Each structure stands twice: as structure tokens, then as C-alpha cells.
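The opening residue of the sequence shown carries number 351 in this note's numbering; numbering runs sequentially from there. To start, the structure under review is shown below, and the notes come after it.
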Amino acid sequence: MINRAPADTLLIHGTVVTMNADYAVLPDGAVAIRDRTIIDVGATADLRARYEAAEIRDCGGCAVLPGLINGHAHVPMSLLRGLVADQQLDVWLFGYMFPVESQFVDADFSYTGALLSCAEMLRGGISTFVDMYYFEEQVARAADEAGMRAICGQTVLRLPCPDAASYDEGLERAARFMEQWQGHERIVATIAPHAPYTCTDEIYQQAAALCRHYGVPLITHLSETAREVAESRSERGGTPIGYAAQVGAFSVPCIAAHCTHASAD
351 MINRAPADTL LIHGTVVTMN ADYAVLPDGA VAIRDRTIID VGATADLRAR
401 YEAAEIRDCG GCAVLPGLIN GHAHVPMSLL RGLVADQQLD VWLFGYMFPV
451 ESQFVDADFS YTGALLSCAE MLRGGISTFV DMYYFEEQVA RAADEAGMRA
501 ICGQTVLRLP CPDAASYDEG LERAARFMEQ WQGHERIVAT IAPHAPYTCT
551 DEIYQQAAAL CRHYGVPLIT HLSETAREVA ESRSERGGTP IGYAAQVGAF
601 SVPCIAAHCT HASAD
């Protein structure tokens with residue numbers, strides 16, 4: 351009799367999208383898991399013969415693949431969904447979102463909205479997300495409770511915002527957040543200067559210094575609209591991406607969101 355190796359969970363009869371070097375897809379595939387680690391992937395018949403699992407899940411009719419990654423989000427804003435649409439970015443942001451957020455966003459808002467978004471993301475196969483918002487410790491808390499991986503960026507602006515009356519206060523809040531969550535196995539706490547048009551040189555420079563100290567990436571918005579790029583060229587003599595480089599945003603790993611109007615310069 352062949353002794354089968356122990357496994358905690360065996361996922362069987364799924365369409366396994368391996369994401370290996372050959373992008374192989376196994377039409378009747380299986381995945382073996384032990385101690386929260388994938389230990390084997392192969393045909394269902396082969397893995398059933400090799401492993402004795404405490405739990406067996408029939409994944410027939412399902413795709414089994416690595417968790418999807420949401421590369422940029424403001425997860426508490428699920429509570430503002432449908433509030434306003436079909437506006438150009440500056441009108442939407444300064445005319446609607448900033449005023450609404452200043453009135454309604456607090457720690458409970460960020461936590462509740464983040465929990466809702468985590469549930470929606472998990473339902474859609476997303477296991478990891480990158481976020482930037484206010485009261486980001488509440489987003490980290492929600493992600494941790496949901497069992498997700500997340501890079502959580504505490505937003506900092508030169509303007510008063512829901513969790514900081516000044517950018518000095520915002521930088522201090524970000525530093526505390528990064529210190530408190532340092533070393534977590536699934537949550538990376540970092541800082542997110544909102545954008546060149548809402549930040550100062552000092553904000554970017556201090557943010558980069560904090561990221562360098564804690565060994566985490568910096569998150570920011572860059573070159574979101576043609577208007578932003580044109581105004582940056584006029585006011586600074588270069589693009590938002592060029593400005594970010596000048597103030598040190600790229601001296602550390604940087605997650606630059608949107609970049610829909612990036613250019614060679």
C-alpha cells in the first residue's frame with residue numbers, strides 16, 4: 351500500500367490556471383495545501399493518489415488560479431458609489447468629493463467602507479489590493495480581519511483633509527501608522543502623497559524618506575489628465591512624472607497610479 355503524504359486541503363476537479371512559465375491550464379486539476387502553503391499542483395488523479403487531505407473541496411465548474419491584485423483603490427469610497435459621475439476629474443474632486451469627504455469621512459466610515467470593499471473584492475477573486483485614503487489604519491484593520499494582503503497608503507495633502515488639519519499633521523499620522531504596522535505578515539503600511547497638484551516638495555521628500563526608512567513603496571497619483579500635464583508644464587516647466595522624479599518620489603519603489611497621460615519626457 352502506498353503511503354500518501356499529509357495535506358491540509360486538496361482542491362480537486364478545478365480548471366487550474368497555473369501561471370507557470372508555460373501558462374499551463376489543467377482542465378481537471380488539483381492543488382494541495384499544507385500549513386497555508388501550496389505544496390503541489392497537478393492532475394486531480396495524480397494528487398489524489400499522492401496526498402491524504404483533512405479537507406477535500408470539489409472545485410468542478412470553477413477556475414482555480416492565484417488571487418487577483420487590485421493595483422489601485424480607495425476602498426472606503428465604496429460608500430460614496432454613485433454619488434456623482436460624468437464629471438471631469440478636477441470638478442469631481444474639488445467640487446464634489448473633497449467637500450463630501452470633509453463632512454462625512456471619519457474612522458468608522460473608512461472601516462465600514464473598507465470592509466464592504468474587501469467582501470466585494472474577495473467575491474471577485476481579488477486577494478491583494480493597493481489602497482490610499484484617510485484613516486488608513488482602519489483600512490489596514492479591515493483588510494487584516496478579511497484575511498487579505500494589502501499595501502495601505504495613508505494619504506497626505508497640503509490641504510486640510512478628514513484626518514489631518516495640516517500636512518505636518520498628515521505626515522505625523524502617516525509615520526505613526528507605518529511604525530504601528532511594521533512587520534505585519536500581510537499588511538504593508540506606507541504613505542501616499544496624493545498628487546503633485548495637491549502636495550508640496552516637502553511632502554514628497556519626507557514621504558520618500560519615510561518609505562526609505564521602513565523599506566516600503568511610496569504611492570501617488572501622476573499624470574491623470576491632459577489638463578494636469580499642461581498646467582504642470584506651464585507652472586513647473588515639466589510633466590507631473592518629471593516633477594515626481596525631481597522631488598525624490600522615484601528614489602524609492604513607487605506605485606504611480608493612473609499615468610493615463612504619461613509622455614516620453
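Ideal placement from N, C-alpha and C gives every residue a C-beta, glycine not left out. Only a predicted model underlies this, so the values are computations on that prediction, with no experimental measurement involved.
(1) Please state the DSSP three-state secondary structure of arginine 398.
(2) Whose C-alpha, out of Ala496, Ala423, His363 and Arg384, is nearest the C-alpha of glycine 503?
(3) Quick check on DSSP: helix, strand or coil for cysteine 561?
(4) Over what stretch of residues does the alpha helix (DSSP H) that includes leucine 472 continue unbroken?
(5) Does the beta-carbon of serine 460 have 16 or more other beta-carbons within 10 angstroms, so that it is buried, or is it exposed?
(6) With burial defined as no fewer than 16 other Cβ atoms inside 10 Å of the residue's Cβ, what is the status of serine 516: buried or exposed?
(7) Just list the residues that DSSP pairs leucine 361 with in beta bridges.
(8) Is the Cβ-Cβ distance between valine 538 and valine 566 less than 7 Å?
(9) Between the alpha carbons of methionine 471 and glutamate 487, how many angstroms are there, rounded?
(10) Compare the C-alpha of valine 450 against each of Leu361, Ala464, Pro512 and Leu360 and name the closest.
(11) Given glycine 410, which residues of its chain have a CB within under 6 Å of its CB, disregarding the five upstream and five downstream residues?
(12) Less than 6 Å separating the Cβ of leucine 465 from some heavy atom of the ligand GTP?
(13) Who pairs with alanine 607 in a beta bridge, going by DSSP?
(14) Taking the beta carbon of valine 441 as the centre, do at least 16 other beta carbons fall within 10 Å, making it buried, or is it exposed?
On the basis of the coordinates in this document:
(1) helix
(2) Ala423
(3) helix
(4) Residues 457 to 473.
(5) buried
(6) exposed
(7) Leucine 361 is bridged to Val381 and Arg407.
(8) yes
(9) Their Cα atoms are separated by approximately 19 Å.
(10) Cα-wise, what sits closest to valine 450 is Pro512.
(11) His363
(12) In terms of ligand content, the structure shown is empty, and the ligand GTP therefore cannot be addressed.
(13) Under DSSP, alanine 607 forms a beta bridge with His571.
(14) Around the beta carbon of valine 441, a 10 Å sphere encloses fewer than 16 other beta carbons of the protein chains shown; the residue is thus reported as exposed.
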